[in-house]
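Everything on this sheet refers to the single structure shown next.
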Amino acid sequence: MPRADLVVVANRLPVDRVEGPDGEPIWRRSPGGLVTALEQAMHSLDGAWVGWGGKPDLEVEPFELDDTLLVPVSLSREDLRDYYEGFSNGTIWPLYHDVIAAPEFKRSWWDAYVRVNRRFAEAAAEHVEDGGFVWVQDYQLQLVPQMVRELRPDVTIGYFHHIPFPAYALFAQLPWRRQVLEGLLGADVVGFQRLADAGNFQRSIRRLLNYPTKGDTVTVPTIDDDPRVVISKAYPISIDANHFLELAKRPDVIARAQQLREEIGSEKLMLGVDRLDYTKGIRHRLKAYGELLADGRISGHEATLVQIASPSRPGVEAYQELRDEIEMTVARINGDYSTVENTAIRYLHQGYPREEMVALYLAADVMLVTALRDGMNLVAKEYVAVRGDNTGVLVLSEFAGAADELGSALLVNPHDIEGMKDIMMRALTMPPAEQARRMKTMRRKVFDNDVEKWGQSVLSDLREIRARRRSQ
Ligand code: GDG
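All letters in the sequence shown, in the order written, are residues 100 to 571 by the working numbering.
If you want it as structure tokens, here you go:
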């Protein structure tokens, strides 16, 4: 059985199964932020990745791709319904995003979550070297750290939580709240996006488990009376800023940005890029823009809104309802305020290649990130990274993790529609000198703290823990 020094465990493998040139299925890399973050570590350490292959009932043996061992975990249609769409996206996602949508608590979903988490944990335990590292990613796998610890007490375990961790009063609703905390505390390092998330986690531990916490640490009692110290702190995730800047310098991307501007034709372009998700505040953004048009403060010719809403979780009911609502609102606003020559809102329910996204970022005078709650929000950082000439305005929700680092954006409370309208007007009329001053500060933050640094800081804490343990 092939084994690796570092095993990353994530819901999805970083590859897609597609049809090859002769019609046979092949694997193609689907590089996302996480892959980039871990690339260096994976190569220096000899890495493996455990995750679902993207198709139900796919039974495939572990295989090598670009020096990484990929270990597919098989999920049936029922697993996907109950563990993924059910417990992960119908219970945990809304509960952890401040119950913007109502979480459903179903025992059959929980049972599937336990069963599937065990499958991921077993695959990780089977493929990690003696004394190696296992690094678990995100809310779909909160029980995996504890399960791996039981199977392989010799390994050092990290967990990173990409979404918010809610306040105690909300977390306390979860019928399986103790099991989830114990699951996470199986890790040696539990990482969060914001300091506030780590604080919420520690408060829940004190209230529900009565374990002491101090600074970045939680002390977990053990039966042999040799308490284990778990680190829980913020490691704000980021992007590969240089990669985005490189794309933004490509002549074809620059030409595409100019073409977009010319064809759209309005004086100013405001842009929103989100997965179609109720946490992203798309409805609030549309409402504010629609009211600015209705009040006569702007016309569609003066400021167009381009909204990319990439398709997401179509199997979950709340997402189907949200899509209907957004599309109705867009149609109403366009019906009332577009002209034959000019469309007020260009709404696109499609996914695009990264080059097209960067061209849009370059074309946009104002980027609207108005999430009601968001772990970090990488779109905000991507916009900042590509603005090499220091022009452009970022409007950023104070409820997105990115607001902790990007305080020089125009911060908004997306629930305050009047406030948001004023901020949009301010963004549209901001003098170039102020744009440059704000953009420079934000760009420094994003380039100084890129995703490689994020990966390194988690891994260096894991290495330190392993070294300490070995010397004991
Ligand atoms: C979760 C947390 C946290 C979107 N549409 C297209 C496309 N994208 C890319 C963006 C960006 C990424 O997807 C979205 O990242 P976000 O951070 O905005 O949001 P989530 O998907 O909700 O991610 C979030 C993140 O995990 C990381 O920890 O920041 O808070 O919710 O990179 O550019 N990319 C392409 N075409 C699209 O149509 N190519």
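The beta carbon of each residue, even a glycine, is placed where N, CA and C say it ideally should be.
The beta carbon of residue 541 sits no closer than 6 angstroms to any heavy atom of ligand 1. Residue 425 has its CB no nearer than 6 angstroms to any heavy atom of ligand 1. Inter-residue distance for residue 428 and residue 567 is about 57 angstroms (C-alpha atoms, whole angstroms). Looking at the DSSP output, residue 124 shares a beta bridge with 118. Between ligand 1 and the CB of residue 409, the shortest heavy atom gap is smaller than 6 angstroms. Counting C-beta pairs with one atom in each stretch, the stretch 496 to 504 and the stretch 527 to 534 have fewer than three that are closer than 8 angstroms, which means they do not touch. Taking a contact to require three or more Cβ pairs closer than 8 angstroms, the stretch 465 to 477 and the stretch 445 to 454 do not qualify as touching. By the Cβ test, the stretch 350 to 360 is not in contact with the stretch 489 to 501, since fewer than three Cβ pairs between them sit closer than 8 angstroms.
For residue 258, the enclosing beta strand (DSSP E) has its first and last residue at 255 to 259. Counting every other CB atom within 10 Å of its CB across the protein chains shown gives residue 162 a total below 16, marking it as exposed. The three-state reading of DSSP puts residue 500 in helix, counting H, G and I together. In the three-state reduction of the DSSP assignment, residue 571 falls in the coil class.
Of all alpha-carbon atoms in 218, 267 and 262, the one lying nearest the alpha-carbon of residue 243 is that of 218.
Residue state for residue 291 is assigned as strand, using DSSP reduced to three classes. Shortest Cα-Cα distance from residue 459 to any of 416, 191, 297 and 485 involves 485.
One thing to note: residue 169 has its Cβ within 7 angstroms of the Cβ of residue 148. Every alpha helix (DSSP H) of 4 residues or more that sits fully in the stretch 336 to 395 is shown, in chain order, as 340 to 348, 350 to 363 and 381 to 393. Taking 7 angstroms as the cut-off, the beta carbon of residue 233 is found no closer than this to the beta carbon of residue 213. Using a Cβ-Cβ distance cut-off of 8 angstroms, the stretch 384 to 403 and the stretch 361 to 368 are in contact, since at least three pairs of beta carbons, one from each stretch, lie closer than that value.
Shortest gap from the CB of residue 235 to any heavy atom of ligand 1: 6 angstroms or more.
Between residue 276 and residue 240 a beta carbon distance of about 17 angstroms is seen, past the 8 angstroms cut, so the two are scored as non-contacting. Runs of the beta strand (DSSP E) lying entirely within the stretch 179 to 259 and spanning at least 3 residues, in chain order: 227 to 236 and 255 to 259. Taking a cut-off of 8 angstroms for Cβ pairs, the stretch 318 to 334 and the stretch 270 to 290 touch, as three or more such pairs fall below it. In this structure, DSSP gives residue 264 a state outside helix and strand, which the three-state scheme calls coil. Nearest to residue 134 by alpha-carbon distance, out of 336, 374 and 316, is 336.
In this structure, residue 407 lies near residue 372, with their beta-carbon atoms less than 7 angstroms apart.
DSSP places residue 159 in no alpha helix (DSSP H); its state is neither H nor E. Under the three-state reduction of DSSP output, residue 449 falls in the coil class, being neither helix nor strand. About 4 angstroms separates the beta carbons of residue 436 and residue 392, which is inside the 8 angstroms limit, making them a contact pair. Across the structure, residue 544 and residue 338 are spaced so that their CA atoms are roughly 11 angstroms apart. Within the same chain, Cβ atoms closer than 6 angstroms to the Cβ of residue 554 are found at 136, 137 and 140, the five residues on either side in sequence being excluded.
As summarised for the stretch 516 to 551, the continuous alpha helix (DSSP H) elements at least 4 residues long and confined to that stretch are 516 to 527 and 531 to 547, given in chain order. Your pair residue 418 and residue 409 does not check out as a contact, with CB atoms roughly 12 angstroms apart and the cut at 8 angstroms. Of the residues 384, 186, 378 and 452, the one whose Cα lies closest to the Cα of residue 215 is 186. The continuous stretches of beta strand (DSSP E) do not include residue 278, which lies in the alpha helix (DSSP H) extending over residues 276 to 283. Judged by DSSP in its simplified three-state form, residue 432 adopts helix.
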